[in-house]
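*Asks:* Dumping the structure here so I can ask a few things about it.
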Amino acid sequence: MKSVLTYNGDALTFGSKSIRLAETIGAYEGPFYLYDSQLVRERFTRLQEAFKKAKIFYAMKANSHPVLLKALASLGAGADVVSGGEVERALECGFTPRDIIFSGVGKTVAEIRRAIQLGLEQLNVESLPELERIEKIARELKTPVRVAFRVNPDVSVQTHPYIATGLAENKFGLEMGALARVHEIVARSEGWIQPVGLSLHLGSQLMEFSGLREALQRLRPVFLEMQSRYESFTKFDAGGGLGVDYEIEDPAVEERLLKEYAEVVLGETASLRADLQLEPGRWLVARAGVLVAQVQYVKQTSGRTFVILDTGMNHLIRPALYQAHHRILPLQRRGGGMRKYDVVGPICESADFMAKEREMPVVEQGDFVAISDAGAYGFSMANQYNLQRLPEERIL
Ligand SMILES: *Cc1c(COP(=O)(O)O)cnc(C)c1O
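In structure tokens, the structure reads:
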């Protein structure tokens, strides 16, 4: 892997072919996301190399652009989906039903019925009432359904609290204590529920894996116990969550992180007789996208200098929602050195900021900037608040 967002002189370049971003603007009609599908391919290939035997199910909520989905499907990826809408999008983009895992805490009757009729690879169940609902629908449809149990290991990880999912206080997964009841429901289902595996997803943007190791260790005896009960029990789904460093882009550091992650997941599952599944989202696509926007005003107040963009929390909500850091880089650097800015959007909310007190190259009204690493949870979380238009999505 190499750096994908770098200056060549004072011109910002992006992507596998290092094109000058200023040349991509064309007829500017508002902020746009720009994705490099080749980068997504390269990252998928790299991840598959690190996990040779695992089946990788791309968590498509991170970015569901059809071109990226088709690229991943053609490389043999599966899809991890969390809604009926995502199921249909995945099917349109070349994933077969057996390539699709359906996760999420709120699956509706209609979603479950469709999933069973399609014969999706696996439904990852997150609660007892969901399992009961699935059992009822499978019986009605007279179609057995492959189910994996998402277990909440009650382990804390170092990430933003809104994207930690493996603590007892979180809504995700079955508590260990609920598993006895799971067995009762499976038994009374008379074969309509086929337990195929365990799943785990601890949270997103993990940069350190001791919590993951602990969770994998906690799940080990549970997996073995279940495997002794159910013949069809062979899948170990280690979820997603591998993070990217938003502050800097250093391919060597990124390689090291991937290695550590692979060592933990492979090491802790090696002795199991299991087919390993992964559900990465962010890691595959974050670096493969930028959000390009224009400076509307530079506003000086007594305390601060605000750079007001034509994009904000409506297009990229991560800074507002998670205090996330994205680098903000002018497409063409001016000679004026660095300044400290609050970079904000047009939305009528004080949470509408991209960066606060950020030291960055000087910009002026009319300048274009790129917001880095915006390929994951960018457009997929965009909204039309204030009746602002959604951003365009362009592909390199
Ligand atoms: C969001 C999600 C993922 C992907 O998480 P990333 O941090 O983007 O890798 C994987 N599995 C489940 C169940 C998820 O909800």
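In terms of our numbering, the sequence shown is residues 2 to 397.
Ideal Cβ placement from N, Cα and C applies to all residues, glycine included.
(1) Looking at the unbroken beta strand (DSSP E) that takes in Tyr401, where does it start and where does it end?
(2) Any chance the region 35-45 sits against the region 253-264, with 3 or more Cβ pairs inside 8 Å?
(3) Do you know whose CA, among Ala181, Leu168, Pro362, Gly240, lies nearest Phe58's CA?
(4) Could you check if Ala111 is buried or exposed, using at least 16 other CB atoms within 10 Å of its CB as the buried criterion?
(5) Under three-state DSSP, which class holds Tyr29?
(6) Give the range of the beta strand (DSSP E) segment to which Gln295 is assigned.
(7) Considering only the alpha carbon of each residue, which of Gly178, Gly313, Leu73 lies closest to Leu292?
(8) Cβ of Gly241 versus every heavy atom of ligand 1: is any distance shorter than 7 Å?
(9) So which of Arg288, Val344, Ile138, Leu273 has the shortest CA-CA distance to Gln295?
(10) For the region 279-291 against the region 345-357, are there 3 or more C-beta pairs whose distance is under 8 Å?
(11) May I have the straight-line CA-CA distance separating Arg99 from Gly367, to the nearest angstrom?
(12) Tell me whether Asp374 counts as near ligand 1, meaning its Cβ is closer than 7 Å to at least one heavy atom of that ligand.
(13) Whole-angstrom Cβ separation of Met355 and Leu310, contact assumed at under 8 Å?
(14) Three or more C-beta pairs closer than 8 Å, one from the region 175-194 and one from the region 208-216: is that the case here?
(15) Please report the straight-line C-alpha distance between Leu391 and Val156, rounded to a whole angstrom.
(16) On the criterion of 16 or more Cβ atoms from any shown chain inside 10 Å, does Arg288 qualify as buried, or is it exposed?
(17) Tell me, which residues are paired with Arg359 by DSSP?
(18) Does Ser4 pass the burial test, meaning 16 or more other C-beta atoms within 10 Å, or should it be called exposed?
(19) Does the distance from the C-beta atom of Val82 to that of Ile101 stay below 8 Å?
(20) Taking only three categories from DSSP, how would you classify Ser200?
(21) Do Ala375 and His326 have their C-beta atoms within less than 8 Å of each other?
(22) So, helix, strand or coil for Ile135, using DSSP?
(23) Would you check whether ligand 1 has a heavy atom nearer than 7 Å to the C-beta of Leu327?
(24) Is it true that the CB of Leu397 sits closer than 8 Å to the CB of Ala23?
(25) Round the Cβ separation of Gly244 and Met208 to the nearest angstrom and send it over; I've been treating them as touching at under 8 Å.
(26) Could you check whether Leu285 and Ile372 sit closer than 8 Å to each other, using their CB atoms as the reference points?
(27) What does a CB cutoff of less than 8 Å around Phe52 pick up in its chain, not counting 5 residues either side in sequence?
(28) Less than 7 Å between the CB of Ser65 and some heavy atom of ligand 1, yes or no?
(29) Using a Cβ-Cβ cut-off of 7 Å (strictly less than) and excluding sequence neighbours within five positions of Leu220, which residues of its own chain qualify?
(30) Is the beta carbon of Ser381 less than 8 Å from the beta carbon of Lys62?
(31) I'd like to confirm something about Lys260: is its beta-carbon nearer than 7 Å to some heavy atom of ligand 1, or not?
(32) Where Met177 and Lys56 are concerned, what is the direct C-alpha to C-alpha distance, given to the nearest angstrom?
(33) With hydrogens ignored, establish whether the beta-carbon of Ala377 is closer than 7 Å to any heavy atom of ligand 1.
(34) What residues in its chain sit with their C-beta under 6 Å from that of Arg21, if we drop five residues either side in the sequence?
(35) Taking 7 Å as the cut-off, is the CB of Ala60 close to at least one heavy atom of ligand 1?
(36) Nearest by alpha-carbon distance to Thr97: which of Gly79, Ser84, Val370 is it?
*Replies:* In short, the structure shows the following:
(1) Outside the modelled stretch of the chain, which goes from 2 to 397, sits residue 401, for which no answer is possible.
(2) Counting Cβ pairs under 8 Å, fewer than three are found: no touch.
(3) As a position in the sequence shown, residue 58 is number 57, starting the count at 1. Residue Gly240 is the option with its Cα nearest to Phe58.
(4) Position 110 of the sequence shown, counting from 1, holds the residue named residue 111. Exposed, by the Cβ-count rule.
(5) Indexing the sequence shown from 1 puts residue 29 at position 28. Coil at Tyr29, not helix or strand.
(6) Position 294 of the sequence shown, counted from the first residue, corresponds to residue 295. 290-301 is the extent of the beta strand (DSSP E) around Gln295.
(7) To locate residue 292, count along the sequence shown from 1; it is residue 291. Here the closest residue by C-alpha is Gly313.
(8) For the purposes of this step, residue 241 is taken as the residue at position 240 of the sequence shown. For ligand 1, at least one heavy atom lies less than 7 Å from the Cβ of Gly241.
(9) Here residue 295 corresponds to residue number 294 of the sequence shown, with the count starting at 1. The shortest C-alpha separation from Gln295 is found at Val344.
(10) no
(11) The residue given as residue 99 occupies position 98 in the sequence shown. The residue given as residue 367 occupies position 366 in the sequence shown. When rounded, the distance between both Cα atoms is 49 Å.
(12) By one-based count along the sequence shown, residue 374 stands at place 373. Not so, every heavy atom of ligand 1 lies at least 7 Å from the Cβ.
(13) Mapped onto the sequence shown, residue 355 falls at position 354. Mapped onto the sequence shown, residue 310 falls at position 309. Rounded, the Cβ-Cβ distance is 7 Å, consistent with contact.
(14) With the cut-off at 8 Å, the region 175-194 and the region 208-216 do not touch.
(15) By one-based count along the sequence shown, residue 391 stands at place 390. By one-based count along the sequence shown, residue 156 stands at place 155. Using only the alpha carbons, I get a separation of about 37 Å.
(16) The sequence position of residue 288 within the sequence shown is 287, counting from 1. When all chains shown are included, Arg288 counts as buried.
(17) Here residue 359 corresponds to residue number 358 of the sequence shown, with the count starting at 1. DSSP lists Tyr342 as partners of Arg359.
(18) Here residue 4 is taken as the residue at index 3 of the sequence shown, counted from 1. Ser4 should be labelled exposed.
(19) For the purposes of this step, residue 82 is taken as the residue at position 81 of the sequence shown. For the purposes of this step, residue 101 is taken as the residue at position 100 of the sequence shown. Yes, they are a contact pair.
(20) As a first step, residue 200 must be located in the sequence shown, where it is residue number 199. In the structure shown, Ser200 falls within a strand segment according to DSSP collapsed to helix, strand and coil.
(21) Locating residue 375 in the sequence shown gives position 374, counting from the first residue. Locating residue 326 in the sequence shown gives position 325, counting from the first residue. In this structure, His326 does not lie closer than 8 Å to Ala375 by Cβ.
(22) Taking the first residue of the sequence shown as 1, we reach residue 135 at position 134. Per DSSP, reduced to three states, the secondary structure at Ile135 is helical.
(23) The residue you call residue 327 lines up with position 326 of the sequence shown. A small fix is needed here, since residue 327 is His in this sequence, not Leu. The answer is no for His327.
(24) By 1-based counting over the sequence shown, the position of residue 23 is 22. By 1-based counting over the sequence shown, the position of residue 397 is 396. No, Cβ-Cβ distance for Ala23 and Leu397 is not below 8 Å.
(25) Indexing the sequence shown from 1 puts residue 244 at position 243. Indexing the sequence shown from 1 puts residue 208 at position 207. 5 Å between Cβ atoms; contact.
(26) Taking the first residue of the sequence shown as position 1, residue 372 is located at position 371. Taking the first residue of the sequence shown as position 1, residue 285 is located at position 284. Cβ atoms of Ile372 and Leu285: not closer than 8 Å.
(27) The residue labelled residue 52 in the question sits at position 51 within the sequence shown. Same-chain partners within the cutoff: Ala263, Val266, Leu267, Leu277, Leu279.
(28) Your numbering for residue 65 matches position 64 in the sequence shown. Checking every heavy atom of ligand 1 against the Cβ of Ser65, none is found closer than 7 Å.
(29) Along the sequence shown, read from residue 1 onward, the residue named residue 220 stands at position 219. Excluding positions up to five away in sequence, the list reads Val152, Pro154, Leu199, Leu201.
(30) As a first step, residue 381 must be located in the sequence shown, where it is residue number 380. As a first step, residue 62 must be located in the sequence shown, where it is residue number 61. Yes, Cβ-Cβ distance for Ser381 and Lys62 is below 8 Å.
(31) Here residue 260 corresponds to residue number 259 of the sequence shown, with the count starting at 1. Outside the cutoff, so no.
(32) Residue mapping note: residue 177 aligns to position 176 of the sequence shown, counting from 1. Residue mapping note: residue 56 aligns to position 55 of the sequence shown, counting from 1. Answer to the nearest angstrom: the Cα atoms are 25 Å apart.
(33) Looking up residue 377 in the sequence shown gives position 376. Yes, Cβ of Ala377 sits closer than 7 Å to a heavy atom of ligand 1.
(34) Here residue 21 refers to the residue found at position 20 when the sequence shown is read from its first residue. Only Ala12, Thr14 meet the Cβ criterion.
(35) Here residue 60 is taken as the residue at index 59 of the sequence shown, counted from 1. With a cut-off of 7 Å, the C-beta of Ala60 is classified as near ligand 1, since at least one heavy atom of the ligand falls inside that distance.
(36) As a position in the sequence shown, residue 97 is number 96, starting the count at 1. The shortest C-alpha separation from Thr97 is found at Gly79.
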